[in-house]
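Numbering (the numbering used here), first residue to last: 6 to 53. All residues carry an ideal CB built from backbone N, CA and C; glycine is no exception. A quick note: this is a predicted structure, and the numbers were derived from the prediction, not measured.
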């Protein structure tokens, strides 16, 4: 998972959903970390 900047330990500890979201983020051409607005939108969508 070098393209995502994950160590082997982080990659193996990730859930399929986490990996899918990370890959989707990269495929949209976003290489920077999510911004505050992105995080707030995710927290609103997934409140747990």
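message = For a test of the three-state rule: what should DSSP assign to residue 53, helix, strand or coil?
response = Residue state for residue 53 is assigned as coil, using DSSP reduced to three classes.
ask   = Between residue 44 and residue 29, what straight-line distance do the alpha-carbon atoms span, to the nearest angstrom?
value = Residue 29 has its alpha-carbon roughly 15 Å from the corresponding atom of residue 44.
ask   = Quick one: Cα of residue 41 to Cα of residue 50, how far?
value = Their backbone Cα atoms lie some 14 Å apart in a straight line.
For residue 2, the first and last residue of its enclosing alpha helix (DSSP H) = Any question about residue 2 goes unanswered here, given that the chain covers just 6 to 53.
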